[in-house]
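Enquirer: Here it is, the structure in full.
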Amino acid sequence: METNQSFLSELAFFYDSTPAEGSPDDYFGLTLGSGYAHEFKDKIYKIKSIIFDIAYQYRFANNVGESVMEETSFSQDVDEHTIYSSLIVHF
């Protein structure tokens, strides 16, 4: 059985400026992702290839959302943790 495999990993930092009244709210973050691809060369399988990806995102901000409820002096600190994944099967 002949196969072809590959792995990929990425790390990134980002800045996300979101709309707010007066000046934008500043969010910062970090992402880490990895992927695996496996291609089947043998025609015994009906599956041609499988691709699996997984990613983690950490996004944070301080004193954001002040323009949402101005009369209440509202603001918040944000710490978001998110995991994304996908599985693709080619037939």
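Sequential numbering of the sequence shown, starting at 10, is according to this note's numbering. All residues carry an ideal CB built from backbone N, CA and C; glycine is no exception. The structure presented is a predicted model; accordingly, all values stated were derived computationally and were not measured.
1) How do the segment 54-62 and the segment 24-31 stand: do at least 3 beta-carbon pairs fall below 8 angstroms, yes or no?
2) Go ahead and pull the three-state DSSP assignment for Glu75.
3) By a C-beta neighbour count over all protein chains shown, 10 Å radius and 16 as the cutoff for buried, is Asp34 buried or exposed?
4) Around the C-beta of Ala21, are 16 or more other C-beta atoms found within 10 angstroms, so that it is buried, or is it exposed?
5) Within its chain, find whatever has a CB closer than 8 angstroms to the CB of Ser43; leave out the 5 residues flanking it on each side and keep chain order.
Expert: Concretely, from the data shown:
1) no
2) coil
3) buried
4) exposed
5) Phe16, Leu17, Ser18, Glu19, Asp62, Ile63 and Ala64
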